[in-house]
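Inspection log for the structure reproduced underneath, given as structure tokens.
Number of protein chains: 2
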Amino acid sequence: MLQQVQGGVCAAKGFTANGVHCGIRKNKTKRDLALVYSATPATAAAVYTQNLVKGAPLTVTKQNISDGKAQAVICNSGNANTCNANGIEIAEKMCDLLAKELGIDAKDVVVASTGVIGQPLDITPIANGIPALVEGLGAHSDYACEGIMTTDLKAKEIAFEFQVGGKTCRIGGIAKGSGMIHPNMATMLVFVTTDCAISAQMLQKALSEDVKDSFNMISVDGDTSTNDMVSVLANGQAGNAEITCEGAEFDAFCKALHAVTSDLCRKIAADGEGATKLLECKVCGAKDVLAARTVAKSVICSSLFKAAMFGADANWGRALCAIGYSGADVDVKKVGVCFRSKAGSVVVCENGAGVDFSEETAKAVLTESEIEVLITLGDGDGKATAWGCDLTYDYVKINGDYRT
Amino acid sequence: MLQQVQGGVCAAKGFTANGVHCGIRKNKTKRDLALVYSATPATAAAVYTQNLVKGAPLTVTKQNISDGKAQAVICNSGNANTCNANGIEIAEKMCDLLAKELGIDAKDVVVASTGVIGQPLDITPIANGIPALVEGLGAHSDYACEGIMTTDLKAKEIAFEFQVGGKTCRIGGIAKGSGMIHPNMATMLVFVTTDCAISAQMLQKALSEDVKDSFNMISVDGDTSTNDMVSVLANGQAGNAEITCEGAEFDAFCKALHAVTSDLCRKIAADGEGATKLLECKVCGAKDVLAARTVAKSVICSSLFKAAMFGADANWGRALCAIGYSGADVDVKKVGVCFRSKAGSVVVCENGAGVDFSEETAKAVLTESEIEVLITLGDGDGKATAWGCDLTYDYVKINGDYRT
């Protein structure tokens, strides 16, 4: 029993949040510093980008939550604090200043930054902004969500209620991410909170498994960010007996976690830089789940396929092409492709060859803003879903001059 | 001693070519059927796409030149003859009809097709066009070049003269390719001819080695085509003693081959769909040549980096990001980046961190139509060059509705 609720990262008991404009960005109407806080200590888990170039905040966060505990998340936008000589020092300073204001240990802070790479991050506006950030703490998931946005057009938050051991638990998350989206074992910035009691070890296990089918399955542009991070804080305020091993209660938690993460995945992909359409590629009949993931991700990563979707052009040969070069072991003679949306569905390929279809129907199906690309491989039981978006003029426009 | 000469695929002795409009394309002013012919039998070598979805012509060509011999190349544009139930039959029919008209064996024909995937290829216009195609054979490398073009804006041909064993040899090639360019062990359609005498085995060896540093190092959009092929015909009419082993003569041939292939690589990348700029990424100081290739290709494949180059934005963080996720073993603290063009050069990153530079100079350097991205890794002697192009509005436009 999973039920959607309001409140984002503040839905779970004991969590508050806030976001302020501190001055990293010139635009004064845009919040650029965010905070998520648990009134009581929480177990913590995180996954990080696999890019060799890593943002300094990731190194500091990894160190801070090595004991499986955290109590607050601070994140700025407008500057990634990456490839800077004093990056670590600045990230640690952010933790120190926040911890002092909150009266907690600096080692219990998760720190993150997002924005331009390679420009020194000035601590001054952050130091000046922290008092107001802490003072305004409340049910402000929306403010925190705005504070971490860069080229995002839409805020991305979600929360669910679920049952563990007879207790009602909640879990919610916020995310940012629009460009440089092609996570590898981690993702964009995502902060999840829950009041479910769960040990740090099981929390990490749940998260590490989950990202394989959630954030690792989205791509906007094939570029893996240097600052990707997903973190979860669980403060146990729901009062359930702490989950410390696998079983029905762990499964219930994982299901709730996946409800949050897959929702945020769809939102990130739909808000891809310049995107007009969400593409959801569902592969079934693969030899195994790895092959299914590989095929699904290859299709939603193809620039040619993405551009065809922008043009509502049912050019299924481009899906076949991407399946063929994916690296997965596929019998191309068995491949089927179907496009589906609110406007209906149209089968365009069976047994690796084209079938007659109505171009008019296909156009109608592909003109919708959410497109499902259903691929059958006829080779086994492997299934996977990947999320992406179309490639548009605006993607080029946004990225032709990102720094100014 | 390598000297550029005129004539493309007709530069070498004994080779003629032609291209006609036979009616596969509706536009009557565009040639859509091409022929390259050697008056005497030639040794032949080829490399093909590694995409699991392969065009039917590739299967037929592979079979035909399994004996290391060929005498003619036929290629149509406007239809890829891929993912069609009767594809093999049609490709074989093209060989039969051409062989009959030329009075050669159908097994000595290299056949290729390029264009839309998954639409049946009608043999009728090809059958009707072959008599005029053969009758018009002459020094028409340019006609053949046009006959294989799809979204290409510029014809791509080149030829060189070189010496082997005291004899003057020539080698020349034509290429097509503008979108779906991300070759893997092979490339777009490239046809090379030479009058140098070289055994089929050594010819294949030379070609297979060459593509690692030529066609496998270009990318327009990260999409590996289903119909990629590079083939070389060597008819021995230069009169040199046949090259049958490694040594100075084989080296001279390889050097001439690379002069042709690297020139065509630059031309393919510069004419990438929608491109306004050629990007040439030169990596040095890598642990080994494989690491250098991986890094160079990762940078020129990054959509974000490509869009920044379109906007003449010196956003070097995107190059660092692409180096970091390339998969190569790199010490990011040693990385240097410099942009260079006809307008000058500008160092933007040293030791993995930004350096002060003039935005004005950077803008001037990046506004040119040919940009060198010089990357130093400080880890060894490995060097490699990769070619790509910027990502522009026109790429999206061209691919938003390719089929109509």
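Going line by line, the protein sequences match chains Y and C. Going letter by letter, the first sequence gives residues 1 to 404 in the numbering used here. Going letter by letter, the second sequence gives residues 1001 to 1404 in the numbering used here. From the three backbone atoms N, C-alpha and C, an ideal C-beta is built for every residue, glycine too.
Chain C within 9 Å of residue i, Cβ atoms only
i, result
"Asp-221(Y)", "yes"
"Ile-323(Y)", "yes"
"Val-283(Y)", "no"
"Asn-51(Y)", "yes"
"Val-47(Y)", "no"
"Cys-338(Y)", "no"
"Val-330(Y)", "yes"
"Thr-59(Y)", "no"
"Ala-186(Y)", "Low confidence applies to Ala-186(Y): its pLDDT is 42, below 50, so where it sits in the model is not reliable, and the reading given next is rough at best. False, the Cβ-Cβ gap to chain C never drops below 9 Å."
"Leu-290(Y)", "no"
"Leu-207(Y)", "no"
"Cys-10(Y)", "no"
For residue j and residue i, the rounded distance between their alpha carbons
i, j, result
"Trp-1387(C)", "Gly-1274(C)", "15 Å"
"Asp-1223(C)", "Leu-97(Y)", "48 Å"
"Gln-1003(C)", "Gly-1177(C)", "25 Å"
"Ile-1117(C)", "Gly-354(Y)", "9 Å"
"Asp-221(Y)", "Ala-1296(C)", "18 Å"
"Ala-1186(C)", "Ala-1343(C)", "Because the pLDDT of Ala-1186(C) is 42, which lies under 50, any placement of that residue in the model is unreliable, and the number read from its coordinates should be weighed accordingly. Whole-angstrom Cα-Cα distance: 34 Å."
"Ala-1307(C)", "Gly-400(Y)", "5 Å"
"Asp-195(Y)", "Gly-8(Y)", "13 Å"
"Thr-29(Y)", "Val-110(Y)", "26 Å"
"Ala-1256(C)", "Leu-1278(C)", "23 Å"
"Arg-170(Y)", "Lys-13(Y)", "8 Å"
"Ser-1262(C)", "Ser-1345(C)", "23 Å"
"Gly-1336(C)", "Leu-1366(C)", "17 Å"
"Ala-384(Y)", "Ala-1139(C)", "54 Å"
"Glu-1209(C)", "Asn-1216(C)", "10 Å"
"Val-1373(C)", "Met-1001(C)", "29 Å"
CB contact flag (residue i, residue j, <9 Å)
i, j, result
"Arg-340(Y)", "Ile-371(Y)", "yes"
"Val-47(Y)", "Thr-226(Y)", "no"
"Leu-207(Y)", "Ala-99(Y)", "no"
"Ala-1175(C)", "Val-1190(C)", "yes"
"Asn-79(Y)", "Gln-50(Y)", "no"
"Phe-310(Y)", "Thr-361(Y)", "no"
"Ser-979(C)", "Ile-1300(C)", "This structure does not reach residue 979(C), given that chain C is present from 1001 up to 1404, and the question cannot be answered."
"Asp-394(Y)", "Ala-286(Y)", "no"
"Leu-1035(C)", "Ala-1072(C)", "yes"
"Cys-75(Y)", "Thr-114(Y)", "yes"
"Ser-1068(C)", "Ser-1199(C)", "Sequence inspection shows Gly at residue 1068(C); the Ser mentioned does not correspond to that position. Yes, these two residues count as a Cβ contact at 9 Å."
"Trp-1316(C)", "Cys-1349(C)", "yes"
"Thr-1082(C)", "Ala-1056(C)", "yes"
"Gly-1247(C)", "Lys-1167(C)", "no"
"Leu-1203(C)", "Ala-1017(C)", "no"
"Gly-172(Y)", "Ala-197(Y)", "no"
"Ala-1314(C)", "Lys-1363(C)", "yes"
"Ser-302(Y)", "Ser-1303(C)", "no"
"Leu-264(Y)", "Glu-161(Y)", "no"
"Phe-305(Y)", "Ala-328(Y)", "no"
Contact with chain Y by residue i, beta-carbon distance below 9 Å
i, result
"Thr-1226(C)", "yes"
"Leu-1391(C)", "yes"
"Ala-1080(C)", "yes"
"Lys-1397(C)", "yes"
"Val-1373(C)", "no"
"Lys-1054(C)", "yes"
"Cys-1265(C)", "no"
"Cys-1145(C)", "no"
"Leu-1320(C)", "yes"
"Cys-1349(C)", "yes"
Chain D contact residues for residue i, given Cβ-Cβ distances below 7 Å
i, result
"Asp-401(Y)", "No chain D appears in the structure shown, which is made up of the protein chains Y and C."
| Along the stretch 1083 to 1103 of chain C, what residues have a CB closer than 7 Å to any CB found in chain Y? | Cys-1083, Asn-1084 and Ala-1085
| query | Closer than 7 Å, Cβ to any Cβ of chain Y: which residues of the stretch 1296 to 1318 of chain C, in chain order? | reply | Ser-1302, Ser-1303, Leu-1304, Ala-1307, Ala-1308, Phe-1310, Gly-1311, Asp-1313, Asn-1315, Trp-1316 and Gly-1317
| Given a limit of 7 Å on CB to CB distance, which residues of the stretch 1352 to 1364 of chain C reach chain Y? | Gly-1352, Ala-1353 and Gly-1354
| request: Determine which residues of the stretch 1110 to 1125 of chain C have a Cβ less than 9 Å from any Cβ of chain Y, and write them out in chain order. | output: Val-1116, Ile-1117, Gly-1118, Gln-1119 and Pro-1120
| query | Do the stretch 1116 to 1136 of chain C and the stretch 1010 to 1026 of chain C make contact, defined as three or more Cβ pairs closer than 8 Å? | reply | yes
| query | Quick one: any contact between the stretch 1079 to 1090 of chain C and the stretch 1228 to 1243 of chain C, if contact means 3 or more CB pairs under 8 Å? | reply | no
| message | Does the structure place the stretch 128 to 144 of chain Y close enough to the stretch 101 to 110 of chain Y that three or more beta carbon pairs sit under 8 Å? | response | yes
| In chain order, what residues of the stretch 147 to 178 of chain Y put their CB closer than 8 Å to some CB of chain C? | none
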